[in-house]
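See structure below.
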Amino acid sequence: MTFWEHLDELRRRIWYVLLAAVVAAVGCFCFKDALFSVILHPKPADMQLINVELTQQFLTHMRVALWAGLLLVSPYIIYQLFAFVAPGLYSTERRLAIRAVAAGYLLFLGGIVLNYFIIFPFTVRFLGGYQVSADVANTITLSSYISVLGVMSLVMGVVFELPVLCWLLAKIGVLKADLMKKYRRHAIVAIVIIAAVITPTGDPFTLALVSVPIYLLWELSILIVKHTEQ
134 MTFWEHLDEL RRRIWYVLLA AVVAAVGCFC FKDALFSVIL HPKPADMQLI NVELTQQFLT
194 HMRVALWAGL LLVSPYIIYQ LFAFVAPGLY STERRLAIRA VAAGYLLFLG GIVLNYFIIF
254 PFTVRFLGGY QVSADVANTI TLSSYISVLG VMSLVMGVVF ELPVLCWLLA KIGVLKADLM
314 KKYRRHAIVA IVIIAAVITP TGDPFTLALV SVPIYLLWEL SILIVKHTEQ
């Protein structure tokens, strides 16, 4: 294929992706009750969210529907992108790319699931009930709740990409298993700091809930890097 034929192929696949994303977003927008029952599920039953701007609820509905639609069609988006670059790869490269993309996608979803069911509920309970003074009452806005949920989900999804990142670094010869073992203690300290930033609740239980999975990913990454070196 010529350069312009490649460009036409890319443009065609981008249109497919945009169409799928729009259809999924519209579908999520139409099922508002089901969508927000999922979004608001981690919220404590006694927490009352408020809205202080005239257009905010409608804009939040559109934004959440868009992100939910993208999440739903993300496997199709990945497929279209991979189908575009796959013809330029050797068979061995194609197999490695499939494994890396599949593992990265599943790990990203794993981070989101962990945040949704465990980390965010503890965080929202702590921050929603935290007061610097009895004279200052907490009144949580809908937009604040959605923003914190989205940011924490994204951060946990990215953190869970650690094994894939280590595998790529080992593949190009930058990272060694012995080096990871040597700095295991430093890694533990860094993991605890990252967990403390992700979950500013301050209690040891929630800190452990975040730190332990990340540490297990670190140990898994050591095994992956060691296997890659062989």
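Everything in the sequence shown is counted per the numbering used here, starting at 134 for the first residue and increasing by one. For every residue, glycine included, the Cβ atom is placed at its ideal position computed from N, Cα and C. Note that the structure is a prediction, hence the values are computed from the model and not measured.
It is roughly 11 Å from the alpha-carbon of aspartate 166 to the alpha-carbon of alanine 198. Restricting attention to alpha helix (DSSP H) runs no shorter than 4 residues, the segment 191 to 233 encloses them at 207 to 218, ordered along the chain. For valine 234, the closest alpha carbon among the candidates Tyr149, Gln213, Ile321 is that of Gln213.
Within the same chain, Leu350, Trp351, Ser354 come within 7 Å of leucine 295 by CB-CB distance, once the 5 residues on both sides are set aside. The Cβ-Cβ distance between isoleucine 347 and isoleucine 324 falls below 7 Å. If you draw a straight line from the Cα of glutamate 142 to the Cα of valine 155, it comes to about 20 Å. With contacts defined as CB atoms closer than 7 Å, threonine 272 and isoleucine 183 qualify as a contacting pair.
In this chain, the alpha helix (DSSP H) harbouring isoleucine 326 covers 317 to 331. When rounded, the separation of the alpha-carbon atoms in serine 207 and alanine 201 is 10 Å. Between glutamine 189 and serine 276, the beta carbon gap of about 6 Å places them in contact (Cβ cut-off 8 Å).
The beta carbon of isoleucine 331 lies closer than 8 Å to those of Ile252, Met285, Val288, Met289, Val292, Val343 in the same chain, with the five residues before and after it left out. Here DSSP, grouped into helix, strand and coil, assigns isoleucine 273 to coil. Per DSSP, leucine 187 lies in no alpha helix (DSSP H) and is assigned neither H nor E.
Here valine 358 is actually not in contact with alanine 270; their C-beta atoms are around 51 Å apart, not less than 8 Å.
Contact check for isoleucine 279 against threonine 225 fails: the beta carbons are separated by 7 Å or more.
Going by beta carbons, threonine 361 and phenylalanine 255 fall outside the 7 Å limit. In the three-state scheme derived from DSSP, where H, G and I count as helix and E and B as strand, methionine 180 is classed as coil.
Separation of the CB atoms of arginine 146 and alanine 216 is rounded to 7 Å, and the pair is thereby assigned contact status at 8 Å.
If you draw a 10 Å sphere on the C-beta of phenylalanine 241, you find 16 or more other C-beta atoms in it, and that means buried. Shortest Cα-Cα distance from asparagine 248 to any of Val185, Leu203, His174, Ser266 involves His174. With 16 or more other Cβ atoms inside 10 Å of its own Cβ, methionine 313 counts as buried. Under the 10 Å beta carbon count, alanine 157 is surrounded by 16 or more other beta carbons and is classified as buried. Taking each of Ala153, Leu151, Val171, Phe136 in turn and checking the Cα distance to valine 246, the smallest one comes out for Val171. A straight line joining the alpha-carbon of valine 218 with that of aspartate 336 spans about 46 Å.
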